[in-house]
Structures are given as C-alpha cells and as structure tokens.
Amino acid sequence: MTYYMKNLDPPASPERERWRAGNKEDSPELRSGKLNKYILENKRPVIIDDNLLAGTTTTKQIGVVLYPHLLAQSIWPELETVSRRKKNQFGITVEEIDELNFEIFPYWMNRTIQEVARKE
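This is the structure in structure tokens:
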C-alpha cells in the first residue's frame, strides 16, 4: 500500500458532483439529502487488499475528492495541466476534464458557498 501511495498520482473523482449537477430542479438542501441517499444506496465499496480500513472516499483506490460547491473551481484553469505539474499532481482523464469543464464547474459557477454568501 505504501508503494502504491508513493508512486501513483491520485486520480480525480467527480462522482459526487456528477450526480449533484444532474439534479438541478431541487433546492440545494434537497439535492444534498438526495445525494447522501443515493451514495448510501449505490456507491460501490472499494476494499483494498492488506488494508485495515475498508472503503474509500472516491471510486478509486486512492483519489482526489472534488468539492465544486467549495473551492474545487480554483483548479479550473489547470485542468489540462494538473497531471503534469511538479507538486500535488493528480491523474485525470480527458473525459473527466471535459465533464468538469463543460458540465460540473459551469453549473456551480454562481452556486458556490462563497457566491451565495456574497449575494446575501
């Protein structure tokens, strides 16, 4: 496990936000509740051999959780280079880049916690 953690760039996982952005008609509170229900009913457990802690926060063995409703949009300009930067790089597929760039991040652009607080 230590070798895996030291020698692999953790992949991004837009799984949570993919579901949330697809349910635009509900209020943020209802979406959050439905998201938790969906995850509890549908998330496939990832159990890693020789690991004392079962389960992961992403669909990958080791992954980066993105929270677009908070600050994940700060990496938006870096989506195509984040896998090649010198520090804190992580793996991301072209499909995930496109999904974040054209669907998830635009949806959250004016809905982040900062934007909601600023508008009030």
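The opening residue of the sequence shown carries number 72 in our numbering; numbering runs sequentially from there. No residue lacks a Cβ here, since even glycine has one placed at the ideal position from N, Cα and C.
query	result
Going by Cα to Cα distance, which pick from R182, K190, A188 is closest to R102?	R182
Below 8 Å, can you find three or more Cβ-Cβ pairs linking the region 110-121 to the region 150-160?	no
Is G162 helix, strand or coil when you go by DSSP?	strand
Report buried or exposed for I184, applying the criterion of at least 16 other Cβ atoms within 10 angstroms of its Cβ.	exposed
Can we say the region 134-151 touches the region 166-183, given the rule of at least three CB pairs closer than 8 Å?	yes
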